[in-house]
Structure formats: structure tokens, C-alpha cells
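Numbering (this note's numbering), first residue to last: 38 to 217.
Glycine included, every Cβ here is placed at the ideal spot set by N, Cα and C.
Predicted, not measured: the structure shown is a model, and the values here were computed from it.
For reference, the structure discussed in these notes is given below.
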Amino acid sequence: MRGNIMGSGTALTGTQANRKGFAEASCGPFGFCIVSIMLSDTENYDRNKKSLQKFMDDVDFFEPNSKKPYEDFNWVDFLKDKQLVNYTYMTGASKKNELRFCPDGNFETYIKQTGFLKEQNRKYMGTKKGTWTVIGTGPSAKLVLSFEKIGNLEVVLEMQEERVSLNGERYFISANPKCK
């Protein structure tokens with residue numbers, strides 16, 4: 038026991054004899070528990086065990102509520118320093134959309150389309166820059182991209198089941214390497 042965290046280690050046998058496991062469990066005050074399990078080679082076991090313990094030490098339990106997911110979702114805070122990416126490949130065409138948002142309100146896009154998609158929205162192709170704003174909070178909001186030399190483009194942002202969509206098309210999220 039480490040405080041209110043229960044843990045146990047294990048050693049494997051047979052073809053996995055060079056591996057060890059460790060698990061910790063912690064229960065919060067609201068009837069929910071979390072269990073973390075780690076399996077490691079023996080050489081890195083101590084380091085990996087410390088990482089698991091640090092993770093468990095940092096767990097916070099919150100009282101459940103009946104609020105709808107993303108009811109107060111703040112899109113501006115979410116998009117700062119993020120990159121949204123969508124790659125689509127199909128017979129006869131492909132497209133690559135990358136949107137990078139900086140905390141100072143600037144953005145950069147990179148759009149490439151091939152095949153029968155090549156002629157669609159040509160003015161947005163290549164690398165473009167501008168400023169961005171979001172109108173609204175919650176699971177759906179409006180993203181306004183003000184492109185240099187092109188003008189404004191309004192896009193519907195949606196968050197549902199931890200998935201981000203722009204105009205109904207799913208995008209994947211990562212850190213933006215360009216603003217740091």
C-alpha cells in the first residue's frame with residue numbers, strides 16, 4: 038500500500054521469464070476505481086514502475102454530474118497550439134488538409150488535392166496563412182478563418198465522443214510544432 042493506492046508485482050515464467058509486471062489500483066470517494074497495469078522487460082522494470090506510480094499519484098477523482106459532455110467546451114483554448122489533420126485516399130483522388138492554430142490568433146493551412154479533387158477549392162490549395170476566431174462554445178461552434186488575400190471561410194466545428202469534425206469531416210488532433 039502507498040497511501041490509498043494498492044499495488045502488486047508479478048514475475049512471468051516460461052518464454053516470458055525476462056518480463057515483470059506491476060499493477061496499482063486506487064478508488065476515489067465517489068465509488069469509482071482506476072487500475073493501471075504495466076508489463077516490462079526486467080532491465081527497465083524499475084523505471085517503468087516509477088512512471089506508473091507517478092501516473093497513479095497524479096489521478097484526480099471528480100464527482101460525477103449530469104452535465105452533457107462538451108456543454109461548456111471552450112474551442113479557443115482547445116485549438117491553441119493544435120494541428121488538425123485530415124488525410125483522405127480513394128480510387129482516383131486524395132486530399133491532405135492540415136490546419137495549424139497558434140495561441141496569438143494566427144493560423145497556417147496546407148491543402149493538397151489530387152485526381153478528381155484537384156479542381157475543387159483551388160484558392161485554398163498550398164500553404165496559406167491568416168487569423169482565426171471561434172464563435173460560440175459547447176459541442177458545436179463556428180470557426181472563422183480569415184485568410185490573407187482570400188477572405189473569410191466559416192467552418193462548423195463539432196466535438197462528439199472525443200472526435201473533432203469540421204463541416205462533418207473528421208480531423209485528427211496533434212500538437213502544433215510550428216508555434217513553439
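Checklist line | Beta bridge counterpart(s) of K91 as assigned by DSSP | finding: DSSP output for K91 lists no bridge partner at all.
Margin query: Using a 10 Å radius around the Cβ and a threshold of 16 neighbouring Cβ atoms, would you call E61 buried or exposed?
Written below: buried
Check: To the nearest angstrom, how far is it from the Cα of I42 to the Cα of C64?
Finding: 8 Å
Item checked: Backbone secondary structure at Q120 - three-state DSSP -> strand
Next item on the list: Would you mind reading off the limits of the beta strand (DSSP E) that contains E61?
Entry: R56 to C64
Checklist line | DSSP bridge partner residues for L182 (one or two, in chain order) | finding: W169 and L190
Item checked: Beta-ladder partner(s) of L49, from DSSP -> None; L49 has no bridge partner.
Item checked: Coarse secondary structure for F115, derived from DSSP in three states -> helix
Checklist line | Residues bridged to F138 [DSSP beta-bridge criterion] | finding: K119 and F144
Checklist line | Cutoff 6 Å; reference T146; Cβ partners in own chain excluding five residues on either side | finding: L136 and K165
Note to self: Between which residues of its own chain and K132 is the CB-CB distance below 8 Å, once the five residues before and five after are set aside?
What the structure shows: N123, Y124, T125, I148, K149, Q150, T151 and L154
Next item on the list: Rank I187, Q120, K57 and P106 by C-alpha distance to the C-alpha of K160 and give the top, closest one.
Entry: I187
Checklist line | E206 in three-state terms, based on DSSP | finding: strand
Check: Does G205 come within less than 8 Å of chain B when only Cβ atoms are used?
Finding: No chain B is present in this structure, which holds just one protein chain.
Next item on the list: Since I believe G40 is in contact with G58 (beta carbons under 8 Å), could you give me their beta-carbon distance rounded to a whole number of angstroms?
Entry: That belief does not hold up - the Cβ atoms of G58 and G40 are roughly 21 Å apart, past 8 Å.
Checklist line | Chain-order list of residues whose beta-carbon lies under 7 Å from that of F33 (same chain, five-residue window excluded) | finding: Residue 33 lies beyond the stretch modelled for the chain, which goes from 38 to 217, so this question has no answer here.
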